[in-house]
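Quick note on this note's numbering: the sequence shown kicks off at 4 and runs consecutively. Glycine included, C-beta positions come from ideal geometry on N, C-alpha and C.
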Amino acid sequence: KESRSRAPELLEKDAASAELADLYSIMVDRLGMRPSEAQKTAMTVAAAGCEADKFREFYNRLRDRQRATDEAVMASFEMQAYRYAEDGKYYTASQFKDYFGYNWMAKWMASPVAQKVAEDGRAYSASQFHEFFKFGWLTKWNAAKWATQRRIAEDGKVYTLDEFVSYFKSEWQQKWAKAPV
């Protein structure tokens, strides 16, 4: 029930379904979490853009769920996952942590996922490139151009992310999150 209610958020935050399933398995089988707690935690960690194998690696090393999550999110997808910060520029998870300090994960989770345009002309995130192109994904990601993302504002007109930032200033992320694609 909760999975269905959070599906739009998980899609918006770029949670890969395979990663979500693997994270859930790790949390139940490896960490001994109750299924309901593992489901909630796995959805949150997947929404942060965490690869299951990175989480497993850091959890085995650190034995601390929060630290493992932080480190795994920063290391996932060859450190190529970007999100748009409050200033409207894209940054990696490591850059978010360096800038925002202890509150970086909350800022990361509130930020839109950055995308690049693939050969088919469609925009994809780093995790989507990874899932679709498999072993050649990083070369294709690095060669791709950044996507110009657009949303429909309250006035019914379509605006780019940069235009949302310029017009809505400090409220742009909240407005962006509520705006239809």
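- DSSP places V76 inside the alpha helix (DSSP H), whose first and last residues are R68 to A78.
- Taking all protein chains shown into account, Y102 has fewer than 16 neighbouring C-beta atoms within 10 Å of its C-beta and is therefore exposed.
- Shown here, R37 sits in coil according to DSSP, grouped into three states, outside any helix or strand.
- Annotation for Y162: the continuous beta strand (DSSP E) segment containing it runs V161 to T163.
- In the displayed model, R9 falls within a helix according to three-state DSSP.
- Taking the Cβ atoms as the reference, K137 lies roughly 13 Å from Y127, outside the contact range of under 8 Å.
- C-alpha of E60 to C-alpha of W140: approximately 22 Å in a straight line.
- For W149, the beta-bridge partners assigned by DSSP are K119.
- The continuous beta strand (DSSP E) containing R86 extends over residues Y85 to Y87.
- Membership of Y94 in the beta strand (DSSP E) is indicated by the continuous run Y93 to T95.
- Three or more beta-carbon pairs separated by less than 8 Å link the region 50 to 58 to the region 24 to 37, which places the two stretches in contact.
- For M108, the uninterrupted alpha helix (DSSP H) run begins and ends at W107 to M112, by DSSP.
- Taking the Cα positions, E134 is about 23 Å away from M108.
- Counting along the chain, the unbroken alpha helix (DSSP H) around K57 starts and ends at A55 to L65.
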